[in-house]
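Dropping the structure here:
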């Protein structure tokens, strides 16, 4: 196999920690050729980025890493569009965009050394979704490689586009089951002239009610997130406002007045990043699609059922993220309980044994699983990408 | 003598709602685009969700293709059914099923008229953000099919950003729910895939959308320029300054004059080469802050005047001129093709020069009224469709404009969709593999290709993916 792989991609083949070949191609064409060969041979493939989010432990004939596809192809600050390869890291991208006074509208949990491909494949936008929406809102177009080595493009590089079906949507949050994201055109946002942060601490009820009051009054916040290390009575509310100096200041003043809390000035970057990085300190990270009104009771359910963990609640748009070390059985029980309340639970990251038992997705609505399977057939008919999209428990 | 299919359909919806006579069917022969026409085999108008499902299942059993249709305001010939195909207008499914002010969600049937949802949400201090120019007539179901945009999509995103869940019936009669009320999907993002699929993936029976809070403050500005290029350069400067206005629209002189000569006269200066309509919204502080940035940019780029709407009436009048521009253009020409393309914002000045040059070379009148902030162009070509030579020139000029937009890094449609009209342009922007993948994804939803057959993807592109041995 090694010899065959070297024929296709040259010297970019090494032996991975699991004793299997690990290939990190330097070009999209090389990656496509590699998958064309693997697809023809029926070799199974583990997809890797930087290896900092998902444990690179899926059992496969070979591993393919995007880490050398790390070029920022173009940045057009006046058009607010950047074109980047899938292996570009969040840190690398942020530094380059800062030179152009722009940002991508996300604050992904985990290490800043995660690749953009990982952030997209797992749909992990982070608290900035309060202002900018989920990460899919930042994707204008993409190029992916299918399990058979085909290059499929969709969308484009303009901010408004309805030409053809929006295949990028299936890639974002698809956990790699529908292809490897090798290039993406990102919508950028102007770096705000000013950012101001305040942080308050207190009980969940008190902070949640205060935060909901800010939402009800349409306070113009960039981030409105509640954090805790459960079980605890001590929660942290982070409110970031941004824009012009004056605008950010006025909104912060409104937030202080409406919330009626004792706020301390904070540094959002460090607070949000510290909590975001903590989302990988334990082996399992989950997210629940829960409406704002049900956040406190859902947070309680997680704490009671899954033991200690880091938790963050998006008070404006809804959504809960949780990181801890639960058993797969307990987590699947929570998934069933949430499903009865029409709340989907997505497994964002976990060791392979856990992933393969539970699956990233489960408790499907009737009819969704067959549809999802048929779409997967388009991109990976032989199921060569080793991705536990559904898990054995849902099989 | 009714055919067995007609008898079976009439048994589902009642004879009154099955249209078999040529005169009745002919009312559905076109949508908002005058260049394409096709009379459907039948038109069947279900009155409930259960009737839609029953109709779709019956057509699946009989192997008959169908086209779902909203209000028929589309501009791509997308909702046209050929003489072998049954048309299913969904305008009778027009109930707003629920509005939940706490969660800022509404659930609507597909035939609900776009503007009616915002009216119904207003007492709760909420509105539905996507606002196509046809919002007084177009339906949310049609908006979902087309991923409709509108002026305010610059800041708030197109339909896809606002739909969180869909109850759908697939062409084989399967009924399923995609997405969740919060927006997190139950699996891969099938809602995102369905929105904008131009009626080829199924019919949305129930649509759960996000509502937005009405902004605390709104300020609408009209800036007029003596050169189109100056106006387009001002657009780029505003965006580059970090301001995303709620809307940023350009209206050129030909459009201004048409509007001002119509009942929709908005007080636009008729001697201006172009006017920009800029709307800022948000908190009072944000609006004041943005105004302090935008106004000097407009003046620095040569705006002769920057008028700020004094009250809600004046604001409504300024917007009416913009939203009714297509109607006003219709007064001065027998037929009108409203084109739709997108370029990077920085390419706007050059592309408008190109459009002017193309118009001149083909001896056509092309007026421009468009979503400048998005780079989403709408060249309007006035002509007389009875003149075949003129019609052919219009088609050639349209294609040349599209090619120029694509060459500038843009795309062939920003919000009107591909439909029948732009199917031949798809190969300008996608290779055969990508088009083949799109076909294959469509077949994942509709293996028999019965929903809106023959639209969006050129037929030969579908064959190629299939012959490559992929299911």
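Residue numbers (the working numbering), protein chains in the order written: chain P, 3 to 397; chain R, 22 to 492. In this text, a Cβ means the ideal position worked out from N, Cα and C, and glycines have one as well.
Original post:
Just by C-beta distance, which residues in the region 357-384 of chain P are closer than 9 Å to chain R?
Top reply: 362, 363, 364, 365, 366, 367, 368, 369, 370, 371, 372, 373, 374, 375, 376, 377, 378, 379, 380, 381 and 383
Original post:
Among residues of its own chain, excluding the 5 on either side of residue 122(R), which ones have a beta-carbon nearer than 6 Å to its beta-carbon?
Top reply: 145
Subject >> Distance CB(residue 358(R))-CB(residue 431(R)) smaller than 7 Å >> reply: no
**OP:** Closer than 7 Å by C-beta to residue 503(R): which residues in its own chain qualify, once you throw out the five before and the five after it? Chain order, please.
**Re:** In the structure as shown, chain R begins at 22 and stops at 492. Residue 503(R) is therefore absent and cannot be evaluated.
Subject >> Contact with chain R by residue 211(P), beta-carbon distance below 7 Å >> reply: no
**OP:** At 9 Å on the CB atoms, spell out the chain P contacts of residue 482(R), in chain order.
**Re:** Neighbours of residue 482(R) on chain P: none; closest Cβ ~10 Å, over 9 Å.
Original post:
DSSP three-state call for residue 391(R): helix, strand or coil?
Top reply: strand
**OP:** Can you tell me which of 342(R), 98(R), 249(R) and 457(R) puts its alpha carbon nearest to the alpha carbon of residue 372(R)?
**Re:** 249(R)
Subject >> Neighbourhood of residue 16(P) by C-beta distance below 7 Å, restricted to the same chain and skipping five residues each side >> reply: 24
Original post:
Would you say residue 494(R) and residue 117(R) are within 7 Å of each other, going by their C-beta atoms?
Top reply: There is no way to answer for residue 494(R), as the model of chain R reaches only from 22 to 492.
Subject >> the region 365-376 of chain R: positions lying closer than 7 Å to chain P by Cβ >> reply: 365, 366 and 367
Subject >> Partners in chain R for residue 168(P), counting only beta-carbon separations shorter than 9 Å >> reply: 168, 181, 213, 214, 216, 217 and 218
Original post:
Going by the beta-carbon positions, is the gap between residue 189(R) and residue 126(R) smaller than 7 Å?
Top reply: no
**OP:** Tell me where the beta strand (DSSP E) around residue 228(R) begins and ends.
**Re:** 224-231
**OP:** Taking only the alpha-carbon atoms, compute the straight-line gap between residue 158(R) and residue 373(P) and give it to the nearest angstrom.
**Re:** 33 Å
**OP:** With DSSP collapsed to three states, give me the class of residue 408(R).
**Re:** coil
Original post:
Along chain P, in chain order, which residues have C-beta atoms closer than 8 Å to that of residue 207(R)?
Top reply: 346, 363, 365, 366, 367 and 370
Original post:
Among 88(P), 94(P) and 110(P), which residue has its Cα nearest to the Cα of residue 143(P)?
Top reply: 88(P)
**OP:** Enumerate in chain order the residues of its own chain whose CB-to-CB distance from residue 289(P) is below 7 Å, with the five nearest sequence positions on each side excluded.
**Re:** 321, 322, 323, 348 and 350
Subject >> Within chain R, partners of residue 139(P) - CB distance below 8 Å >> reply: 178 and 182
**OP:** Establish whether the CB of residue 187(P) and some CB of chain R are separated by less than 7 Å.
**Re:** no
**OP:** Would you kindly check if the distance between the Cβ of residue 186(P) and the Cβ of residue 217(R) is under 7 Å?
**Re:** no
**OP:** Along the alpha helix (DSSP H) that carries residue 2(P), what are the first and last residues, could you check?
**Re:** What the structure shows of chain P is the stretch from 3 to 397, and residue 2(P) is not part of that stretch, so it cannot be assessed.
**OP:** Pull out every residue of the region 229-258 of chain P whose Cβ sits closer than 7 Å to any Cβ of chain R, in chain order.
**Re:** 245, 246, 248, 249, 252 and 253
Original post:
Using 8 Å as the threshold, is the region 439-454 of chain R in touch with the region 169-179 of chain P, meaning 3 or more CB pairs across them?
Top reply: no
Original post:
Given 8 Å as the limit, is there contact between the region 236-243 of chain P and the region 202-218 of chain P, that is, 3 or more CB pairs closer than that?
Top reply: yes
Subject >> For residue 380(P), the residue or residues it bridges with in DSSP >> reply: None; residue 380(P) has no bridge partner.
**OP:** Buried or exposed for residue 30(R), please, with buried defined as at least 16 other CB atoms from any protein chain shown within 10 angstroms of its CB.
**Re:** buried
**OP:** Evaluate residue 205(R) with the Cβ neighbour count: other Cβ atoms within 10 Å of its Cβ, from every protein chain shown; 16 or more gives buried, anything less gives exposed.
**Re:** buried
Subject >> Bounding residues of the beta strand (DSSP E) (the contiguous stretch that carries residue 325(P)) >> reply: 322-326
**OP:** Assign residue 254(P) to buried or exposed, taking buried as 16 or more other Cβ atoms, counted over all protein chains shown, within 10 Å of its Cβ.
**Re:** buried
**OP:** Helix, strand or coil for residue 311(P), going by three-state DSSP, please let me know.
**Re:** strand
Original post:
Got a sec: which bits of the region 74-87 of chain P sit with their beta carbon under 8 Å from any beta carbon on chain R, in order along the chain?
Top reply: 78, 79, 80, 81, 82 and 83
Original post:
Do you know how far the Cα of residue 227(R) is from the Cα of residue 138(R)?
Top reply: 14 Å
Original post:
Do the CB positions of residue 285(P) and residue 353(P) come within less than 7 Å of each other?
Top reply: yes
Original post:
Residues of chain P with a CB under 8 Å from the CB of residue 463(R): which are they?
Top reply: 167
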